[in-house]
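Going by full-length UniProt numbering, 169 is the number at position 169 of the sequence shown; the sequence numbering is gapless.
Note that beta-carbon positions come from the ideal geometry of N, C-alpha and C, so glycine has one too.
Values in this document were obtained by computation on a predicted structure and should not be read as measured data.
First up is the structure itself, then whatever we jot down about it.
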Amino acid sequence: SCFGIDVSVNFCMSAITCPKLKRLEMLPKMAPHHVRSGGLGSMVGLKGLSAGIGGGSPLGPFNTDQTIIYERVFVNTGNAYNELTGIFTAPVSGVYFFTYFCHSGGVRKTSLHLYKNNEVILHIHDHQSADTADNGGNAVFLQLQQGDRVYVRLKANTHVYRSSTLTNFSGFLVKKKKTIKNRCT
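Here you go:
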């Protein structure tokens, strides 16, 4: 009741009768089964990954830029992420959303770049400081063609802290590109 008026009844009734809302209400119950079986990805067109680096120690510094291999894979629907190379390859053309986050121990500079093919798209930087610990992140929507590659590189002479809960990379297909079939014969 809100000021003596029961407004929750109307909301509840519309949630029950609206098919789209009803479907959304069911997703949390369905998700654990479908994520394991690949059914949720098929149901909503999801092609995605979520992975982190583990180890609890610094990664780097190296003399040259290094592609980060996120070895702790949480989700890899469609197997678009290669656990040996650290590269996500778009299985279909469309719009994808990517995030990447890192933890810097503060003892050295951190610099991570997200690439699409060989082009730098985003940066995360942290400079050495007395506070000893910082987190950073970035996110982007990308138009990808089938076969485009997305990956994160640690820049030369920098480091990042190894923790799958703090340093991670995620991405998924938001909207598949529609193909127009040639109807001419």
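DSSP three-state assignment for residue i, whether helix, strand or coil
| i | result |
| --- | --- |
| PRO58 | strand |
| TYR70 | coil |
| HIS103 | strand |
| HIS123 | strand |
| LEU162 | Residue identity check: residue 162 is Arg in the sequence provided, not Leu. ARG162: coil per DSSP, three-state reduction. |
| LEU84 | coil |
| SER170 | strand |
| SER111 | strand |
| THR89 | strand |
Residues near residue i in its chain [Cβ-Cβ closer than 6 angstroms; skip 5 each side]
| i | result |
| --- | --- |
| SER50 | PHE74, VAL75 and SER170 |
| THR99 | ALA139 and SER170 |
| LYS175 | GLY94 and VAL95 |
| GLN66 | LEU154 |
| ASN79 | none |
| ILE68 | GLY86, VAL152 and LEU154 |
| HIS123 | HIS113 |
| GLN146 | ALA90, VAL92 and SER93 |
| PHE101 | GLY137 and ASN168 |
| ASN118 | none |
| ASN135 | HIS103 |
Expected contact under 8 angstroms - CB spacing of residue i and residue j to nearest Å
| i | j | result |
| --- | --- | --- |
| TYR161 | ILE87 | About 22 angstroms separates the two Cβ atoms, so there is no contact after all. |
| VAL120 | LEU173 | Contact flag wrong, Cβ pair sits at about 22 angstroms. |
Bridge partner(s) assigned by DSSP for residue i
| i | result |
| --- | --- |
| LYS175 | VAL95 |
| LYS155 | BP columns for LYS155 are empty, so no partner. |
| THR77 | GLY48 |
| ASP134 | SER104 |
| ILE143 | Checking the displayed sequence, the identity of residue 143 turns out to be Gln instead of Ile. Note: GLN143 sits in a beta bridge opposite VAL95. |
Contact set for residue i: own chain, Cβ-Cβ below 8 angstroms, skip 5 residues either direction
| i | result |
| --- | --- |
| GLY54 | GLU71, ARG72, ARG162, SER163 and SER164 |
| LYS116 | LEU142, LEU144, ASP148, ARG149 and VAL150 |
| GLY52 | TYR70, ARG72, PHE74, SER163, SER164, THR165, LEU166, THR167, ASN168 and PHE169 |
| ASN63 | ALA156 and ASN157 |
| residue 215 | Because the chain spans 1 through 185 in this model, residue 215 falls outside it and cannot be assessed. |
Cβ shell of residue i (< 7 angstroms), same chain only, five flanking positions each side left out
| i | result |
| --- | --- |
| PRO61 | ARG108, ASN157, THR158 and HIS159 |
| LYS47 | GLY41, THR77, GLY78, ALA80, PRO91, VAL92, PHE172 and LEU173 |
Cβ of residue i within 8 angstroms of any chain C Cβ
| i | result |
| --- | --- |
| VAL152 | Here there is only one protein chain, and chain C is not present. |
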